[in-house]
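Peer 1: This is the structure I want to talk about, given as C-alpha cells.
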Amino acid sequence: MIELRCPWCGTTNRIPDTRAGSPARCGRCGQPLATTLAPVGVTDANFEAIVT
C-alpha cells in the first residue's frame, strides 16, 4: 500500500501497490495525485508535510 499526502488539502490517501503509476484523485478534495514513483525533493520548508 502506498500512502500519498494530497498537496492541496493535506489528506493522506492510501493507494494499492497495483495502482502505482495510474491516475488517482484525492478521496477528500478530488484533486489529482502524483502516483509515479519519482523521487520527491525535500527541503527544510516541506520536510514535516512530506515525512509525517
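Per the numbering used here, the very first residue in the sequence shown carries number 1252; after that it's consecutive. No residue lacks a Cβ here, since even glycine has one placed at the ideal position from N, Cα and C.
Go ahead and label C1277 buried or exposed: buried means 16 or more other beta carbons lie within 10 angstroms of its beta carbon, across all protein chains shown.
Peer 2: By the 16-neighbour rule on beta-carbons within 10 angstroms, C1277 is buried.
Peer 1: In whole angstroms, what separates the C-alpha of P1267 from that of P1274?
Peer 2: 12 Å
Peer 1: Taking the straight line between their C-alpha atoms, what separation do you get for C1260 and R1279?
Peer 2: 8 Å
Peer 1: Can you tell me which of the three DSSP states R1270 falls into?
Peer 2: helix
Peer 1: Report the three-state DSSP secondary structure of A1300 (helix, strand or coil).
Peer 2: helix
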